[in-house]
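Beneath this line is the structure, given in structure tokens, with notes to follow.
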Amino acid sequence: MEDCVFCKIIKGEIPSNKVYEDEEILAFKDIEPAAPIHILVIPKKHISSLIEVKENEIELIGKIYKTINKIAKEQGFAEKGFRVIVNCGEDGGQEVGHLHFHLLAGKKLGEKIIG
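For the sequence shown, this note's numbering gives the first residue as -9, with consecutive numbering after it.
Laid out in structure tokens, this is it:
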């Protein structure tokens, strides 16, 4: 998508503070962090939202979760814990139309939404 901010970050048109990158996945620090550690993990392939994930992209979603675990271990917050949030659609709070996973850590994250 030409006007997608995350696609522009992937192409290097917008700078980001990269934490991880491979051929399929990019992770970078959120510019408006909601926690001391707030990393966005995105597929390089443009997928609009979680609801748009196709059968042949399921493996990519698994790789994203594996990458999240790798980042948590490398950044040193795996043992203390972290939260992963995926917003889907307007009512779900999705602000950027590119699938992204919020990785939050670095403090006790308040009340559990669900158990």
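Even for Gly, the Cβ is constructed at its ideal location relative to N, Cα and C. As the structure is a computational prediction, the values presented were derived from the model and not from experiment.
In angstroms with no decimal places, state the Cα-to-Cα distance between residue i and residue j.
i: histidine 92; j: phenylalanine -4; result: 13 Å
i: lysine 70; j: alanine 25; result: 14 Å
i: isoleucine 58; j: phenylalanine 72; result: 10 Å
i: isoleucine 4; j: glutamate 45; result: 30 Å
i: histidine 1; j: glutamate 11; result: Residue identity check: residue 1 is lysine in the sequence provided, not histidine. Answer to the nearest angstrom: the Cα atoms are 12 Å apart.
Which residues share a DSSP beta bridge with residue i?
i: alanine 68; result: DSSP, once it has assigned bridges, lists no residue as partnering alanine 68.
i: glutamate 11; result: Leu16
Check the C-beta distance from residue i over to residue j and give it rounded, since I have them as a contact under 8 Å.
i: isoleucine 61; j: valine 9; result: 6 Å
i: glycine 87; j: serine 38; result: 5 Å
i: glutamine 65; j: isoleucine 27; result: 7 Å
| Does the stretch 29 to 45 come close enough to the stretch 8 to 17 that 3 or more CB-CB pairs lie under 8 Å? | yes
* At a cut of 8 Å, does the stretch 45 to 54 reach the stretch 94 to 101 through at least three beta carbon pairs? -> no
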